[in-house]
Every structure is written in structure tokens, then in C-alpha cells.
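Novice: Numbering (numbering that gives the first Met the number 0) for the sequence shown: 0 to 120.
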Amino acid sequence: MTETKLAGPLYAGLFAAQLLAVACNAFLDIGYGSFGREILFWSVVLGGTLAVGWRQSRKVDGWGGIAQKFVLFFGLLLFVFAFLPLWGMPRAGLYLLAMLQASYNCATAGRRQLHLGLLTS
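#1: Enumerate in chain order the residues of its own chain whose CB-to-CB distance from LEU96 is below 7 Å, with the five nearest sequence positions on each side excluded.
#2: Who are the Cβ neighbours of MET0 in its own chain at under 6 Å, not counting the five residues just before and after it?
#3: Identify whether VAL59 lies in helix, strand or coil by the three-state DSSP scheme.
#4: Since LEU71 contacts SER102 with CB under 8 Å, what's their CB separation in whole angstroms?
#5: If you drop the 5 nearest sequence neighbours on each side, which residues of the same chain put their C-beta closer than 7 Å to that of ALA22?
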């Protein structure tokens, strides 16, 4: 049995589920006044990383691994220098997990990774 490349609507659904999870977390602290900027930031990050995963055909190539490591390093820098000082540990920890999921999106080339992404969100 040969497996075909995952269809675009599957990635769109994963994007919607992940963005909804991040929006629920951002809405809890809406008093900061940065809800719109947070949603814009996360939609760009999640959409970009899912686009990298979608362009791969059923297996992770060199570009997917490089993008995954870059997003992971960028997420750790954001966690230490931006999220942790701004919001403290509980909310910054959730955003660290969201960045880890965003880095995993770069390697979402099969159904197993897609289902894990839905479960995580």
C-alpha cells in the first residue's frame, strides 16, 4: 500500500485547532491588551511551520529538520527573554509548549504526526 501526500484541508484543520488552543490561553489574560498581537504572532508561526510540513511529501527532508531546529531555538530564546519575564511561569510554560508544537509542525508529514498535533492542541 502506498500512502499519498496529506491533503491541504487536513493542515488547515490542524491550524484552526492549534490557533483556537492558543487563543483560549491568550483570552484568559486579556487584561494585558495584547490579544490581537498575540493571535497575529501565533497565526504566522503556526501557519508558517505547517506550510513547511505540508510541502514535504510523506517524509521529513533536510529542510524540514533545519526549520524544526530553528523554530525550537527561536522558541527557547523567546521563552527565556520574552515570555518568562513578561507573564511568569504558568502562562510562559504554556507558550513554551506551543512553540514546541510549532517546531514539531515542521516535521508533520504523515498521519501519525498529524494526529499527535491534534491531540496536543
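Just so it is clear, CB atoms sit at the ideal spot from N, CA and C, and this is done for glycine as well.
Bear in mind the structure is a predicted one, so any value in this text is a computation, not a measurement.
Specialist: Let me lay it out:
#1: none
#2: Low confidence applies to MET0: its pLDDT is 48, below 50, so where it sits in the model is not reliable enough to give any reading.
#3: coil
#4: 4 Å
#5: ILE38
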